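Numbering (my numbering), first residue to last: 1 to 302.
Quick reminder that beta carbons are idealized off the backbone N, C-alpha and C, glycines included.
Note that the structure is predicted; figures quoted are calculated from it, not measured.
I have placed the structure first, in the form of structure tokens, so that the comments after it can refer back to it.
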């Protein structure tokens, strides 16, 4: 019970900080970036993972605050994202069934409930959702004329207006205008779900981050059998963590190059845990325990 109360108080403090940020004078307001990752548990070296190194997320943790008891409100994408973008539990808004907003039965938010991007817009922010990089769309493919207007992953279980997002990147905002950006990353989904996808991802890993993780160095949770196929898949999952970290590093480099990093609040987290048994779709620790790192102005390291 005490732990639950501490979590509730932390959420209240975070919401109060967000409200204060939105009410601040324009010259004082930082940019805000959420880095939202699919299907990934806290398998980063700053969380104790030893089979790989994740220097860029580690940097955020070293310069900011790393949370060790952060939990998703749901172990699947759409319900968690529906809660995240409204700031309300999915059971409160009726969005608690996975992908329930895609059928004939439409779901609308309760009166007075506004998605977070809309609140940022009303406060004068430029709102965007995409890859965070100028040369990639959110699916990590080179931009084309067809994909240039493509937004990042939303996956909300309710009807919403595309107009809550101004763009898929902050580069076209007015000079001096603060922005709220969601960098959407595929995370654990990068490794695919077939032998062909595995092979293609292994090639991508070699090109982006070098030699892959050794399945012989993988430490499986005690409730998994030490099966060769499972060990190889887990090693490839760890490679998706490395590629995610690489993408985070590129976003940080862009912010530094554009002179924006010092005035940008970065919140790094995932939408739920790894896509394995007892992980995604299961209310076990592995399905709900997520990494959460906050770094930026007025955030004291540690």
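Residue i - containing beta strand (DSSP E), residue span
i	result
residue 290	289-295
residue 218	From DSSP, residue 218 is part of no beta strand (DSSP E); its letter is neither H nor E.
residue 69	65-71
residue 299	Residue 299 -> no beta strand (DSSP E), and no H or E assigned at all.
residue 108	Element bounds for residue 108: n/a, residue is neither H nor E.
residue 266	264-270
N-terminal and C-terminal residue of the alpha helix (DSSP H) that residue i is part of
i	result
residue 76	Note, residue 76: premise wrong, no alpha helix (DSSP H); not H, not E.
residue 234	228-257
residue 127	Run containing residue 127: none in the alpha helix (DSSP H); it sits in the beta strand (DSSP E), 126-130.
residue 32	Unbroken run through residue 32 is the beta strand (DSSP E), 31-37; no alpha helix (DSSP H).
residue 120	116-122
residue 93	90-93
Residue i versus the options, residue with shortest Cα-Cα distance
i	options	result
residue 251	126, 44, 134	134
residue 158	74, 85, 263	85
residue 114	163, 98, 287	163
residue 105	95, 169, 230	95
residue 128	107, 169, 201	169
residue 233	261, 201, 78, 36	201
residue 153	227, 194, 132	132
residue 36	76, 256, 267	267
residue 171	88, 260, 215	260
residue 121	150, 136, 255, 180	180
residue 88	46, 156, 32	156
residue 269	52, 289, 263, 262	289
Local Cβ density within 10 Å of residue i, reported as buried at 16 or more and exposed below that
i	result
residue 223	exposed
residue 166	buried
residue 285	exposed
residue 211	exposed
residue 117	buried
residue 235	buried
residue 280	buried
residue 72	buried
residue 110	exposed
residue 229	exposed
residue 112	exposed
residue 93	buried
residue 108	exposed
residue 191	buried
residue 29	buried
residue 385	Residue 385 is absent from the model: the chain starts at 1 and stops at 302.
C-beta neighbour in chain C for residue i, strict 9 Å
i	result
residue 294	The chain inventory of the structure shown lacks chain C, comprising one protein chain alone.
For a minimum of 4 consecutive residues, which ranges assigned as the alpha helix (DSSP H) are wholly contained in the stretch 137-212? 195-209
Is it the case that the stretch 200-214 contacts the stretch 236-243, given that we only count it when at least three CB pairs across the two stretches are under 8 Å? yes
_I'd like to know if the stretch 37-47 and the stretch 273-282 are in contact, where contact means that at least 3 CB-CB pairs between them fall below 8 Å._
yes
For the pair the stretch 247-261 and the stretch 78-92, tell me if three or more CB-CB distances fall below 8 Å. no
Sufficient close CB pairs (3 or more, under 8 Å) joining the stretch 286-297 to the stretch 58-68
yes
Quiz item: Which ranges does the alpha helix (DSSP H) cover as unbroken runs of at least 4 residues, wholly within the stretch 41-66, from first to last along the chain?
Solution: 55-63
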